[in-house]
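**Student:** Counting in our numbering, the sequence shown runs from 2 upward without gaps.
Glycine included, each C-beta is placed from N, C-alpha and C at the ideal position.
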Amino acid sequence: MLEWMTRSLKHKAFVLLVIFGILPLLFLGLTANYLFRSYVEQRLHYSGNQSLHNLVLSLTQDLQSFIDLTYTISDNYFIISALKDPFASDQDRKKAFFTLRKEIFKKERLGRVTYPFHYVIIASDETIFTNFWYLAPWDSQSTLSEHFPAGKCEELLNSYSSSLSIEYTNSCLSDIDGDQIYFMKNIIDKLENRGILLIGKDAYSLARMLDNSRLNEYSSVFILDDETGHIIEGESNYYSSETIPANVFTEAFAFQEPVRIVNFFGKKHVVFAQRLSLFGLMRNLIVLILIPLSSIYKEVVLLNFITYGVIAISICAMLSLIYLVTQRIVRPIIIINEKMTAVQMGQFETQSDIDRKDEIGQLSRGFNVMVHNLEEYIQEIKEEEKFKSQLEMRILQSQIRPHFIRNTLNTIRWMAEIKGARNISRALTSFSRLIDYTIAGTSALVPVREELTYLDEYLFLQNIRFQNKFVVDMDIDNAILDFLILKLSIQPVVENSIIHGFSHKSGRGELRIQGKQENSQVTFTIIDNGVGMDTATVQRILDESEPTDSFQQHNAIGLANIQKRMRLHFGKNYSIRVESEKGIGTKVFLPFPVLSGPKQGNAP
């Protein structure tokens, strides 16, 4: 499965593009589509139920106020009294007209009733009273026959039912145009029918309430009557009641849940339905909201189009990007890799010719610098190896003379013993030990205790030579005695202090030698109160290429030589540091890494 990891960089780039580019885009697109569809459905159910609930609440409050008003007017004592006796004259009808109008439009009676509305009262003698006029029986016959089927008015006037009914028709016996909803009730007084009361409400106001509850431009809102099947619908409905199959409205009254899916016109529709709870009305009214399912997912379809369009564009962009990456990044890296392979084969003259200002260009220039530095480094190593060989030869050659001197000194020491000159014998013994330490073995590193033993013998001889002109204070931490340091590294520094620091100084010289461990280093500090040096002299002494005559004369190994050996063995971070001030003295620091165990390496 991971075989592609071993293939070319171009192949890896393409696989990574598919894994981390195209597949995540497809996954995110499908996930976003699913989540958005779920979100739309949830929001639809919530919004539909909330809208339906608010609409039902508003309709209930509005219609209930008219029902209550109808009951209140039909039971009003003054209205019943005005209709109690047959009218003997037109003056009696006129008086009743004003009495009815005054009682019906009392402020405390209207309460929550919304305008506009009108009323029609048909007295038992068929006199008609409305908001604006009244008609005597002989003038109302044609009007009643025009608005009521034959015998309908007589049937209503002979009815003694106290229940309220509702009718939907054009404006009846009024000056108000448009469809009206009439709440009808007999005016009954002691089992006698005094007339018929009709309270009319403009159906247009209800239609506007329905329009305000539409969820989108494709939705339709209806109020259904289960007895007559009459429908009040929104003025801006997407579907009219005449185009919708009758079974949709019939099934609406059988809904067990507030939300259903129905099919007609070959499409799925979401239906929200809820009954109106109206006190005093014996018939059932139901509110219906109808929405095509396709209109709900219209935004989802648009989102799909946008999502897949973005995915297609992104894939094209990624393919262009992979081509660009291949040409601008992968190909130069392959070229540089080929150049590196050539350098591995020893072709150090190889150079990258990629000249750009971006990271690839920096990599190319860094490669060229690396090859150049590598070539210089190899040359430097060759020169250092050559220097080590030459230095080793010089040391081997110098060992011949110390060996001859040692044998001669041993002979003189035995002669001094025979003559009883013990001081001469002690001095010769120390000098012989110094020579033994110098020519013994080829180890480059020795324990600190051996270097200090050699230093003690050297200081003994120098005190004899300078007749105790200087004193030595040695403070060495016992914990570092078994650590390894460079052989013959402390003595040349001490010699430099004695020869150059104390030889021209008046008074007694003081020499302090300190050694301690500091973190990962062992540091030796040689401090004298000699004549000191200026900065130029210090630089000249440490200069590896220009040794002074006095340095060569008095210091066979030399500070510059020590510094060169320290860098060869421990790196350029380990070198001698000198602090000196004329007339004050000199302080020399020798840092070594913490090394323990057997002796390592060979001294050059």
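For ILE105, which residues in the same chain have their Cβ closer than 7 Å to its Cβ, ignoring the five residues on either side in sequence?
**Tutor:** Stepping through the sequence shown from its first residue, residue 105 is reached at position 104. Answer for ILE105: ILE74, TYR120, listed in chain order.
**Student:** How far does the beta strand (DSSP E) with ALA124 in it extend, from its first residue to its last?
**Tutor:** Here residue 124 refers to the residue found at position 123 when the sequence shown is read from its first residue. Per DSSP, ALA124 belongs to the beta strand (DSSP E) from 118-124.
**Student:** Please go through the same chain and pick out, in chain order, the residues whose beta-carbon is closer than 7 Å to the beta-carbon of ALA557, but skip the five residues on each side of it.
**Tutor:** Counted from its first residue, the sequence shown places residue 557 at position 556. Unreliable positioning characterises ALA557 in this predicted model, as indicated by a pLDDT of 41, which lies under 50. The coordinate reading is nonetheless provided below. None.
**Student:** Can you check the region 309-362 for any alpha helix (DSSP H) of at least 4 residues that lies completely inside it and give the ranges in chain order?
**Tutor:** Segments of the alpha helix (DSSP H) lying fully in the region 309-362: 332-345.
**Student:** What number of angstroms, rounded off, separates the C-alpha of ASP478 from the C-alpha of PHE388?
**Tutor:** As a first step, residue 478 is located in the sequence shown; it is residue number 477 there, counting from the start. As a first step, residue 388 is located in the sequence shown; it is residue number 387 there, counting from the start. C-alpha separation (whole angstroms): 35 Å.
**Student:** Shortest alpha-carbon distance to GLU234 belongs to which of TYR169, PRO293, GLY196?
**Tutor:** The residue you call residue 234 lines up with position 233 of the sequence shown. Out of TYR169, PRO293, GLY196, TYR169 has the C-alpha closest to the C-alpha of GLU234.
**Student:** Cβ of VAL589 within 8 Å of Cβ of VAL494?
**Tutor:** The residue labelled residue 589 in the question sits at position 588 within the sequence shown. The residue labelled residue 494 in the question sits at position 493 within the sequence shown. In contact: VAL589 and VAL494 (Cβ atoms closer than 8 Å).
**Student:** Evaluate the contact criterion for the region 468-475 versus the region 503-515: three or more CB pairs, one atom per stretch, below 8 Å.
**Tutor:** Verdict: yes, contact present.
**Student:** Tell me the rounded alpha-carbon separation between ILE491 and VAL372.
**Tutor:** As a first step, residue 491 is located in the sequence shown; it is residue number 490 there, counting from the start. As a first step, residue 372 is located in the sequence shown; it is residue number 371 there, counting from the start. Approximately 39 Å between the Cα atoms of the pair.
**Student:** Give the secondary structure of SER444 by DSSP, where H, G and I count as helix, E and B as strand, and everything else as coil.
**Tutor:** As a working note, residue 444 is residue 443 in the sequence shown. Strand at SER444.
**Student:** For ARG434, which residues of its own chain have a beta-carbon under 7 Å away from its beta-carbon, when the five flanking residues on both sides are left out?
**Tutor:** The sequence position of residue 434 within the sequence shown is 433, counting from 1. These residues qualify, in order along the chain: GLU458.
**Student:** Starting from SER221, trace the beta strand (DSSP E) in both directions and tell me its first and last residue.
**Tutor:** For the purposes of this step, residue 221 is taken as residue 220 along the sequence shown, with counting starting at 1. Element bounds for SER221: 221-226.
**Student:** Considering only C-alpha positions, which residue in the set VAL579, SER214, ALA445, ILE189 is nearest to LEU543?
**Tutor:** Locating residue 543 in the sequence shown gives position 542, counting from the first residue. Ranking the options by Cα distance to LEU543, first place goes to VAL579.
**Student:** Within a Cβ cutoff of 7 Å, which residues of the same chain sit near GLN522, ignoring the five residues on either side of it in sequence?
**Tutor:** Along the sequence shown, read from residue 1 onward, the residue named residue 522 stands at position 521. So the list reads PRO592, PHE593, PRO594, VAL595, once near-sequence residues are dropped.
**Student:** Which two residues bound the contiguous alpha helix (DSSP H) that contains PRO493?
**Tutor:** In the sequence shown, counting from the first residue as 1, residue 493 sits at position 492. First-last of the alpha helix (DSSP H) with PRO493: 492-497.
**Student:** Is it a yes or a no for the region 267-275 touching the region 40-57, going by three-plus beta-carbon pairs under 8 Å?
**Tutor:** Flag = yes, the region 267-275 and the region 40-57 touch.
**Student:** Buried or exposed for LYS202, please, with buried defined as at least 16 other CB atoms from any protein chain shown within 10 angstroms of its CB.
**Tutor:** Stepping through the sequence shown from its first residue, residue 202 is reached at position 201. Classification for LYS202: buried.
**Student:** Name the residue from LYS565, GLY586, LEU70 whose alpha carbon lies nearest to the alpha carbon of SER576.
**Tutor:** Counting from 1 along the sequence shown, the entry for residue 576 is found at position 575. Here the closest residue by C-alpha is LYS565.
**Student:** Taking the alpha-carbon positions, what's the PHE67 to ILE200 distance?
**Tutor:** One-based indexing of the sequence shown puts residue 67 at position 66. One-based indexing of the sequence shown puts residue 200 at position 199. The alpha-carbon atoms of PHE67 and ILE200 are separated by roughly 7 Å.
**Student:** Does the distance from the C-beta atom of ILE182 to that of ALA208 stay below 8 Å?
**Tutor:** For the purposes of this step, residue 182 is identified with residue 181 of the sequence shown, where counting begins at 1. For the purposes of this step, residue 208 is identified with residue 207 of the sequence shown, where counting begins at 1. Not in contact: ILE182 and ALA208 (Cβ atoms no closer than 8 Å).
**Student:** Would you be able to state if there are at least three C-beta pairs under 8 Å between the region 316-325 and the region 353-367?
**Tutor:** No, the region 353-367 is not in contact with the region 316-325.
**Student:** Only counting runs of 4 or more residues, tell me where the alpha helix (DSSP H) segments fall wholly within the region 236-284, in order along the chain.
**Tutor:** Correct list: 247-253.
**Student:** Give the straight-line distance between the Cα atoms of LYS358 and LEU29, rounded to the nearest whole angstrom.
**Tutor:** As a working mapping, residue 358 is identified with position 357 in the sequence shown. As a working mapping, residue 29 is identified with position 28 in the sequence shown. Each residue's Cα considered, the two are about 37 Å apart.
**Student:** DSSP puts SER166 in a beta bridge; with which residues?
**Tutor:** Within the sequence shown, the letter at position 165 stands for residue 166. DSSP lists MET185 as partners of SER166.
**Student:** Quick check on the DSSP output: the beta strand (DSSP E) that includes THR131 runs from which residue to which?
**Tutor:** Position 130 of the sequence shown, counted from the start, is the residue given in the question as residue 131. From DSSP, the beta strand (DSSP E) with THR131 extends over 129-131.
**Student:** Say whether the region 158-167 touches the region 183-200, bearing in mind that this needs 3 or more beta-carbon pairs closer than 8 Å, one atom from each stretch.
**Tutor:** In short, these stretches touch, since the Cβ pair count reaches three.
**Student:** Pull up the DSSP beta-bridge partners for PHE471, would you.
**Tutor:** As a working mapping, residue 471 is identified with position 470 in the sequence shown. Answer is GLY510, bridged to PHE471.
**Student:** Does DSSP put THR524 in a helix, a strand or coil?
**Tutor:** Along the sequence shown, read from residue 1 onward, the residue named residue 524 stands at position 523. Of the three classes helix, strand and coil, the one that applies to THR524 here is strand, per DSSP.
**Student:** If you follow the beta strand (DSSP E) that PHE593 is part of, which residue opens it and which one closes it?
**Tutor:** The residue you call residue 593 lines up with position 592 of the sequence shown. Start and end: 586-594.
**Student:** Anyone know if the C-beta pair for LEU291 and SER221 falls short of 8 Å?
**Tutor:** Sequence index remark: in the sequence shown, residue 291 carries index 290 (1-based). Sequence index remark: in the sequence shown, residue 221 carries index 220 (1-based). For LEU291 and SER221, yes; Cβs fall inside 8 Å.
**Student:** So the candidates are ASN497, PHE467, THR524, PHE99; which of them puts its Cα closest to the Cα of LEU485?
**Tutor:** Within the sequence shown, the letter at position 484 stands for residue 485. Looking at the Cα atoms, THR524 is the closest of the given residues.
**Student:** Please list the terminal residues of the continuous beta strand (DSSP E) segment that includes LYS202.
**Tutor:** In the sequence shown, counting from the first residue as 1, residue 202 sits at position 201. Counting along the chain, the beta strand (DSSP E) containing LYS202 begins and ends at 193-203.
**Student:** Just to confirm, are ILE197 and LEU145 a CB contact at a threshold of 8 Å?
**Tutor:** Mapped onto the sequence shown, residue 197 falls at position 196. Mapped onto the sequence shown, residue 145 falls at position 144. Going by C-beta atoms, ILE197 is not nearer than 8 Å to LEU145.
**Student:** Return the residue from the list HIS505, LEU216, GLY281 that minimises the CA-CA distance to GLN51.
**Tutor:** Residue mapping note: residue 51 aligns to position 50 of the sequence shown, counting from 1. For GLN51, the nearest C-alpha among the options comes from LEU216.
**Student:** So is PRO1 buried or exposed if we call it buried at 16+ other beta carbons inside 10 Å?
**Tutor:** Beyond the ends of the chain as shown, which are 2 and 605, falls residue 1; an answer cannot be given.
**Student:** Can you tell me the Cα-Cα spacing of ASP226 and GLU243, whole angstroms?
**Tutor:** Within the sequence shown, the letter at position 225 stands for residue 226. Within the sequence shown, the letter at position 242 stands for residue 243. Taking the straight line from one Cα to the other gives about 15 Å.
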